[in-house]
Amino acid sequence: MDRTSQWVSSPDIPADLLIRIADDVFPLLKGVMVPKCGYIRKAVAAARGGATATVDLDLSALPGGADAFDKAARYCYGANFEISGLLPAAEEIGVVQRSADAIALRICNEVLFPTRSPPEWWTAELAALSPASFHKVITALRCRRAEPEVLVAAATAYSELLLAEVLAADGHAADHPGMHRALVESVVAVLPSTDDAPLPAAFLCRLLHVAITICASAKTCRDLELRVAAVLDQATAGDLLTVALDSAGERIQNVDTVRRIITAFVERDSAASSGGANGRSRRASLSGAGALQGGGGAMQTVAKTVDEVAAEIATEESLPISKFVGLAGAVPKEARATHDGLYRAVDIYLKAHPALDEMEREKVCSVMDPLKLSYQGRLHASQNNRLPLQAVLSALYYDQLKLRSGGGWDAYGNGVMRSSAAGSAREQAKEEASLARENEALRSELARMRAYVSGMQQSKGPSSRGKKGGIASLWLRTLSRLNPFKAGIWGKDTSGIVDGKTGAMNSVKPKRRRFSIS
155 MDRTSQWVSS PDIPADLLIR IADDVFPLLK GVMVPKCGYI RKAVAAARGG ATATVDLDLS
215 ALPGGADAFD KAARYCYGAN FEISGLLPAA EEIGVVQRSA DAIALRICNE VLFPTRSPPE
275 WWTAELAALS PASFHKVITA LRCRRAEPEV LVAAATAYSE LLLAEVLAAD GHAADHPGMH
335 RALVESVVAV LPSTDDAPLP AAFLCRLLHV AITICASAKT CRDLELRVAA VLDQATAGDL
395 LTVALDSAGE RIQNVDTVRR IITAFVERDS AASSGGANGR SRRASLSGAG ALQGGGGAMQ
455 TVAKTVDEVA AEIATEESLP ISKFVGLAGA VPKEARATHD GLYRAVDIYL KAHPALDEME
515 REKVCSVMDP LKLSYQGRLH ASQNNRLPLQ AVLSALYYDQ LKLRSGGGWD AYGNGVMRSS
575 AAGSAREQAK EEASLARENE ALRSELARMR AYVSGMQQSK GPSSRGKKGG IASLWLRTLS
635 RLNPFKAGIW GKDTSGIVDG KTGAMNSVKP KRRRFSIS
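The opening residue of the sequence shown carries number 155 in our numbering; numbering runs sequentially from there.
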């Protein structure tokens, strides 16, 4: 059918507006077109002949030609249809940008003066936009200085609606992985920056898990890792476990991803604490605030979360020591007020991997400092046969030094000075119990060594008796190396312990005592 015949008006209402575009003629009604188009309204007002005269307009220079005007006229007459193919022309004449500005203005007005319920009804309508168009709307909102909460609401709602199928399937049951991969990558690319609007940690962790599952590009995954790191203090252990689990949600698989997120957070926090070029480091030094105190709250929160995650993944039998140590040790040791949570994770790992030798257990325990355990933690560690001997001796020796110097423990298990008689009596009782445990352990070791020497003598005969002194001296040298404060992974400087009587800073010399093996 010829396009001109489509616009023949009803015989009762003859056409009074003729639009000519090259060889095409559109007979229209001024009553329909004038309220919708300012250009036509001005042309009709300037035409001669009065209101009833037919107006003839030549719009051959219209961008898009007759096809574009055909769709515009249909829209004016109330037809519903999808406009496509015209995006390049719309970009060229600025229609797309003006449309994005209009949407941004409407959103800002709705935020200030809601016209519907619920107030964020507009977020659902953003799903009709393509990622490129949504990015233009976000840019327009930033230009209008919209609040970060508005950007977060828009980005979160848009992502959840557009990726509803992918998120519901958790990535592993997608029918079209290639299409979903492209969709996830395009959505992540247009999300607002972290500085403008940090998105919720739980949502970002879900999105990162899906991106890993569908094998999204390394750039997309790294972008999401950095976004999670920026809000890591708001994340829970469950959020990070979502990232660490495989596509089926049954086994630990992505430990390296979680470790990179924690490392990025630590680097970001260190940079913020140092102040960089904005001089915050100078202000902190003038005020006497330490580097850890500047962002200590967030760092301690993350450290607690990391300890919980480490305890959860420690039960995985296939988890190598290197991955466990890499994740648990990603947060600096000094960021934790106490290492009780870390000790719990270490103990769970040792319990789940009973075949580890002494050196492997020492490597697992290297992530924690036994001297930063609370008193209850050190008491538990002293009776834990899963820990390496050096770790146990470190905790016991530290307690003995504090007791001999007249000290005690605060709420975190750190040494403090006490002077009351009742406190001294309690500390003396604790010292005696500790010494009794140590005496019992040494008796057991010596008895075992005696049995070993006796067996060696019986098996090798008289010729082996001459070596008794050599074996005994070897055993004494072994005992001398058990001092936990010599150089090593458990090294600790004890020169700063205060003498309870004089108050001087002296190294405390342990009492000489004779151990009975009878």
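Note that CB positions come from ideal geometry on N, CA and C, so glycine has one too.
When DSSP states are grouped into helix, strand and coil, residue 473 belongs to the coil group. Setting aside the 5 residues that flank it on each side, residue 540 is surrounded in the same chain by 501, 504, 505, each with a C-beta closer than 7 Å to its C-beta; the list follows chain order. Under a 10 Å Cβ-count criterion, residue 519 is classified as buried, with 16 or more other Cβ atoms of the shown protein chains found around its own Cβ. A contact is defined here as three or more CB-CB pairs under 8 Å, and the stretch 208-224 meets this definition with respect to the stretch 241-248. For residue 385, the secondary structure class from DSSP, reduced to helix, strand or coil, is coil. Annotation: residue 425 to residue 389 spans about 20 Å, alpha carbon to alpha carbon. Going by C-alpha positions, residue 384 is about 35 Å away from residue 529. Between the alpha carbons of residue 225 and residue 355 lies a gap of roughly 44 Å. Around the beta carbon of residue 268, a 10 Å sphere encloses fewer than 16 other beta carbons of the protein chains shown; the residue is thus reported as exposed.
In the same chain as residue 285, and ignoring 5 residues on each side of it, the C-beta atoms closer than 6 Å to its own belong to 340, 341, 344, in chain order.
Runs of the alpha helix (DSSP H) lying entirely within the stretch 277-318 and spanning at least 4 residues, in chain order: 285-297, 302-316. DSSP, reduced to helix, strand and coil, places residue 260 within a helical segment of the structure shown. Leaving aside the five residues that flank residue 393 on each side, the residues in its chain whose CB is nearer than 6 Å to its CB run, in chain order, 355, 356, 359.
Across the set 409, 178, 291, 514, the C-alpha of 291 shows the shortest separation from the C-alpha of residue 346. Within its own chain, the residues whose Cβ lies closer than 6 Å to the Cβ of residue 176, once the five positions on either side in sequence are excluded, are 214, listed in chain order. Beta-bridge annotation (DSSP): residue 175 is paired with 178.
In this structure, residue 337 lies away from residue 309, with their beta-carbon atoms at least 9 Å apart.
Across the structure, residue 498 and residue 401 are spaced so that their CA atoms are roughly 28 Å apart. In this structure, the CA atom of residue 171 is about 38 Å from the CA atom of residue 270.
Excluding the 5 residues flanking it on each side, residue 320 has same chain C-beta neighbours closer than 8 Å at 328, 334, 337, 338, 364, 368, in chain order. The beta-carbon distance between residue 316 and residue 281, rounded to whole angstroms, is 5 Å. This is short enough to meet the 8 Å contact definition. The Cβ atoms of residue 398 and residue 408 sit closer than 9 Å to each other.
Distance from the CA atom of residue 454 to the CA atom of residue 403, rounded to whole angstroms, is 28 Å. DSSP, reduced to helix, strand and coil, places residue 406 within a strand of the structure shown. Here residue 517 has 475 as same chain residues with Cβ atoms under 6 Å from its own Cβ, once five neighbours each way along the sequence are excluded.
By alpha-carbon distance to residue 294, the top candidate from 488, 261, 204 is 261. Rounded to whole angstroms, the separation of the alpha carbons of residue 494 and residue 538 is 14 Å. Classified as exposed, residue 256 has fewer than 16 neighbouring CB atoms from the shown chains inside 10 Å of its CB. For residue 211, the enclosing beta strand (DSSP E) starts and ends at 209-212.
By the criterion of a C-beta distance shorter than 6 Å, residue 210 is surrounded in its chain by 172, once the five residues flanking it on both sides are discounted. Taken atom to atom, the span from the alpha-carbon of residue 592 to that of residue 548 is near 12 Å. With respect to the C-alpha of residue 297, the residue from 251, 275, 311, 307 having the closest C-alpha is 251.
For residue 187, the closest alpha carbon among the candidates 479, 460, 227, 550 is that of 227. In the structure shown, the three-state DSSP call for residue 399 is strand.
Here DSSP, grouped into helix, strand and coil, assigns residue 363 to helix.
DSSP, read as helix, strand or coil, puts residue 520 in coil.
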